[in-house]
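Numbering (UniProt numbering), first residue to last: 1 to 280. This report concerns only the one structure given below.
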Amino acid sequence: MTTTRVSVVQLGSGSDRESNLDAIEKSLRTAAENGSTLTLLPEASIYRGPYLPEYVEAEDGPAITRVAGLARELEMDVVLGGVWTESGDPEHAHNSCLVFDRRGRIAARYKKVHLFRLDRPGEPADDEAAFTAPGDETVVVGGKNLTIGLSICYDLRFAALYRGLAQAGATVLSVPANFSAYTGPAHWEVLLRARAIENLCYVLAPAQIGTDDTGFSAYGHSLIVDSWGTVIAGADDSPAVLTVDLDLELVRAGRDQLGSLAHDRPDVYTRPPRIEDLHG
């Protein structure tokens, strides 16, 4: 059996970066005590609040450097789910997922491709594009036992992204999130399990809880889903560290039994559909 122990962290980050970093450190130390070699942090772990250009960091900035140092000290791979990084435009940062290896080196970086927008009647729109520049690349990072496909939060609604990650070799899908409490009860678990089932991958989904200074409320309910779509660990709406052993033989066995990844027809999907008139 080839297993890897991993942890998924649920946080209630806010606008106080030092408090957030202290909570990150506490969670990473708990994961290390649990024996995890890989830990995933949610989107907006370092700062969750109104857009402030002074909190956009270079990759050697102080907050990112602190997380890198913890990865190095604890000899743990760490996925920092989403942090504002420089885009070249002071009005729009990238929302970047950074993956640190056990030496504290940034081994991979993914810039969020799909930017969240939610329009509710009678309320201001939640529009990530107002302060975020979208990325234009998908990313898979390979480790000793796991191959991880990277994404962030709202990406979860776009199945084609995850299919591409799985076809590129991902056995684990990382979905760090600050998922809306408005849509979460209906959509969060359903979409996570669907991405696992469709792609025969584990799905690791660390999430935020609570309401930030902009009034945005996060759903929480971090989940770990196996490659058959079964929820194997979950949190409620409190801070948590979920730790499980991932069995990559389960992924291989599922793909041997159900070969849907080999049955894709991109030659068909890329052609526009023929339009018929039902009453013609």
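Backbone N, C-alpha and C fix where the C-beta goes; we use that ideal spot for every residue, glycine too.
*According to the neighbour-count rule (16 or more other Cβ atoms, all chains shown, within 10 Å of its Cβ), is VAL190 buried or exposed?*
exposed
*asked:* Going by the DSSP bridge assignment, what does PHE100 pair with across the sheet?
replied: VAL78 and ILE106
_Selected residue, minimal CA-CA separation from GLU59, among ARG48, LEU70 and LEU98_ = LEU98
*State buried or exposed for GLY135, treating a residue as buried only when at least 16 other CB atoms are found within 10 Å of its CB.*
buried
*ASP127 bridges to which residues according to DSSP?*
ARG117
*Check whether the Cβ atoms of ALA107 and PHE100 sit closer than 8 Å, and answer yes or no.*
yes
*From VAL8 to ASP226, what distance separates their C-alpha atoms?*
14 Å
*asked:* In this structure, how does DSSP classify LEU278 when only helix, strand and coil are distinguished?
replied: coil
*Express the C-alpha separation of SER222 and PRO206 in angstroms, rounding to a whole number.*
5 Å
*Give the straight-line distance between the Cα atoms of ARG271 and ARG265, rounded to the nearest whole angstrom.*
11 Å
*Using the beta-carbon count (16 or more within 10 Å), is LYS144 buried or exposed?*
exposed
*Where do the N-terminal and C-terminal ends of the alpha helix (DSSP H) with TYR202 fall, by residue?*
TYR202 -> not in any alpha helix (DSSP H); beta strand (DSSP E) instead, spanning 202-205.
*For THR3, write down the residues that DSSP places opposite it in a beta bridge.*
ASP247
*asked:* If you measure between the beta carbons of THR85 and HIS94, is that distance less than 8 Å?
replied: yes
*Please classify TYR55: does DSSP put it in a helix, a strand, or coil?*
helix
*Would you mind stating whether VAL83 and ILE64 have Cβ atoms separated by less than 8 Å?*
yes
_For ASP60, three-class secondary structure by DSSP_ = coil
*From this set, PRO121, ALA31, GLY210 and ARG193, which residue's C-alpha is nearest LEU41's C-alpha?*
ALA31
*Own chain partners of ARG255 with C-beta closer than 6 Å, once the 5 adjacent residues on each side are dropped*: LEU200
*Leaving aside the five residues before and after ALA170 along the sequence, list all residues of the same chain whose C-beta is less than 7 Å from its C-beta, in chain order.*
VAL140, THR147, ILE148, GLY149 and CYS201
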